[in-house]
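One rule links them: number in this note's numbering = place in the sequence shown (from 1) + 75.
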Amino acid sequence: MKENFNFHGDEHDKEIDKILDEFREDNNLNSDDKDKSIGKYDFDMFMPKSASNSEETDFKASPSDALNFGADEGDTFIDDDFVIKHHEHIPADGIKDMRTNTVALQSRAVKSGKKGRKGKKKRSNAWIVSVIVQIGLIVGLSVFFSWAIITTLWDVLALGKNEYCEVVIAQDASTAEIAETLEQAGAIDHPFLFRMFAKLKGVDGSLRSGVYNFYNSIGYEGIISQLQEGGLAADEVTVTIPEGANLETVKSLLVDAGVCTADSFDEAVASGEFNYDFIEQIPVQRVYYRLEGYLYPETYNFYKDDTADSGFTALNKLISQMNTVFTDDMKARAQELGYSMHDVLTLASIVELEASGDPENMAKVAAVFYNRLNWTDQPKLLGSTPTVTYAKKAGIMYNTEVTEGLPPGPICNPGIDAINAVLYPAENFDYDYFVTDKDKVFYYSKTLDEHNATIARLKKEGKWQS
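Set out below in structure tokens:
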């Protein structure tokens, strides 16, 4: 239901002024056009023609009338249910086209409303994207700084590290150069952090040259402590460990070269804590020498050392090389054959002494030993002469002429050819016996009778080795 209102007083005058100002703005009327514009309370143009001469006219307008403003001649509109008091007539030239202006006003209002809503939606979407980006940035920075802190602590405190390192610090090396050397030796991971740590500790420039051997598990603090004490003189020597050399021979070579002392060597063999799983798996209660077979034969460069740890340092280098040579694939191959790394090295040590320097015959000799280990109609005796010699000091369990199967452990330190021969013996080689003459020529037989006949012939020909 529509109601009629009469505007009276200052409050109503202000409302009318507001409406007039909006009208002037929409029709581009400025202060210079004041005389031509709508005067205060001049609303004759808004009134029906039939009421244009009356002193006061009440009229009613509904919201629906706003959309039909100017549709029919004589229709007028200012606002919903407003009643206007008429005073003066508006000059004709003050109004250009009320219908046109009103329609334009309505059109602008509609467009303005749509733009406003779209702008608000865009601002809302932009705000969401901004929040997501900021959250992502915060999370990314948090992860980065967490990683940096953890990495720093792990390196400084040497968490999760337990590798034996040999470090040679050159004369007059700077802290930066020392840090790089430590990284190359596997002692640290981050040279820059080590430099900063040394600077904070106030030891920058006081680290000494020399040869150092230590586990990287001692961390930055332990490394700096050792570098301040000073290392060994860098007096380098070269030692060759031949294939097939036993542990006692290795000891003599190292001690004679000044690489280590005899006591430190014996102590390391008996109880040295080497950081390798295969060393821990050695059946120490059965073998004669714990490390026999695990000292890889090779030419090495050592630094002369007569300290209590010199034997451990030297042996660790040889064991480390065995760890490098005996790969994971080789360990997997041993498992396929039903043997452990210890078993492979044990049989390889026998093959090494039976056919040293002859890879082709090594594979055949290994095949003969495998055939004997698979005997079912007689004792599984390898019958290897080198084991008989080793058993004279190590015990009867090493004598394969009287003890079945493999001996408790290796009888020498085999090279890579002997190891590969055991892992990959000659295929379809169904010989169970072999002998060699004095010129190291091999003769293979399938039966014991053939084997004995070959020996008799070699003796007759003067080729048998006595």
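Where is the CB? At the ideal position from N, CA and C, for every residue including glycine.
Here L307 is bridged, per DSSP, to V286. With a cutoff of 8 Å on beta-carbon distance, A423 and A493 are scored as near each other. With respect to W539, K521 sits apart: the two C-beta atoms are not nearer than 8 Å. DSSP places V242 in the strand class (E or B) of the three-state scheme. If you check the CB distance, I357 and H265 do not come in under 8 Å.
In the DSSP assignment, T374 falls within the unbroken beta strand (DSSP E) covering 374-378. For S520, the uninterrupted beta strand (DSSP E) segment begins and ends at 517-520. In this structure, V400 keeps its C-beta atom at 8 Å or more from the C-beta atom of A409. Taking a cut-off of 8 Å on C-beta distances, the region 332-340 does not touch the region 292-299, as fewer than three cross pairs fall below it. A528 counts as exposed, since fewer than 16 other beta carbons sit within 10 angstroms of its beta carbon.
The three-state secondary structure of F444, taken from DSSP, is helix. According to DSSP, V314 shares a beta bridge with Y375. As the crow flies, the alpha-carbon of A343 is around 21 Å from that of E318. In this model, Q453 and N474 are separated by some 17 Å (Cα to Cα). Selection G432, E348, D331 evaluated against D381 yields D331 as nearest (Cα-Cα). Setting aside the 5 residues that flank it on each side, T478 is surrounded in the same chain by L456, I471, M472, each with a C-beta closer than 8 Å to its C-beta; the list follows chain order.
Here G277 is exposed: its Cβ has fewer than 16 other Cβ atoms, across all protein chains shown, within 10 Å. The C-beta distance from A501 to A430 rounds to 12 Å, too long to meet the 8 Å contact threshold.
Taking a contact as a CB-CB distance under 8 Å, the pair N449 and D505 does not count as one, their CB atoms being some 11 Å apart.
Three or more beta-carbon pairs drawn from the region 296-307 and the region 280-287 are found closer than 8 Å, and the two stretches are therefore classed as touching. Cα atoms of F387 and A469: separation of roughly 23 Å, rounded to the nearest angstrom. Per DSSP, Y465 lies in no beta strand (DSSP E); the unbroken alpha helix (DSSP H) holding it starts and ends at 460-469. In summary, R365 is buried, with 16 or more beta-carbon neighbours lying within 10 Å of its beta-carbon over all protein chains present.
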